[in-house]
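Input: a single structure, listed below in structure tokens.
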């Protein structure tokens, strides 16, 4: 096998991830621009905003854990979101040592429309795939993560983000 060939799974995963990341960044940029916003939301910022839209008032550590991103990186993302006026940090009333991140009115406003744009882009990516094929593809990605997790500590599902209860069939059964 030619290790530099285009039929290498690593090549296609990397190339696909880059294409998806670029397209997603463009969707977010266009959405902000169409709404006359002075800021552009990046994919990492979207991850934090989406999490806060589901559960407002989280610590940096909780965001870090949920998103599988180290805490210093989350701190930088939150700082940039603060500069754009989308989030604010507040001390918890019950324990002033604890700092929580909340969506501002502007953050809540953009999150009224942005999820629909993200959902539409996901639907575009999966165009032509049946629902069964979509589930199959996700199961295959999860299988890859499980397989590389066996390569050693810190490899694969290093953040424990795979949903609980996933059972991978034996290698002789289709995923």
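Numbering (my numbering), first residue to last: 374 to 548.
No residue lacks a Cβ here, since even glycine has one placed at the ideal position from N, Cα and C.
- In the three-state reduction of the DSSP assignment, residue 475 falls in the strand class, which pools E and B.
- Just so you know, the alpha carbons of residue 471 and residue 518 end up roughly 34 Å apart.
- Contact between the segment 378-398 and the segment 455-469 is absent: fewer than three C-beta pairs spanning the two stretches fall below 8 Å.
- In this structure, the alpha-carbon of residue 389 lies about 13 Å from that of residue 510.
- Residue state for residue 498 is assigned as helix, using DSSP reduced to three classes.
- Between residue 414 and residue 491, the gap from beta carbon to beta carbon reaches 8 Å or more.
- With at least 16 other beta carbons inside 10 angstroms of its own, residue 431 counts as buried.
- Between the alpha carbons of residue 391 and residue 398 lies a distance of about 11 Å.
- For the pair of segments examined, the segment 415-425 was found to touch the segment 435-446: the number of CB pairs separated by less than 8 Å reaches three.
- In the three-state DSSP reduction, residue 406 falls in the helix class (H, G or I).
- When beta bridges are read from the DSSP output, residue 463 appears opposite 473.
- With contacts defined as CB atoms closer than 8 Å, residue 460 and residue 476 qualify as a contacting pair.
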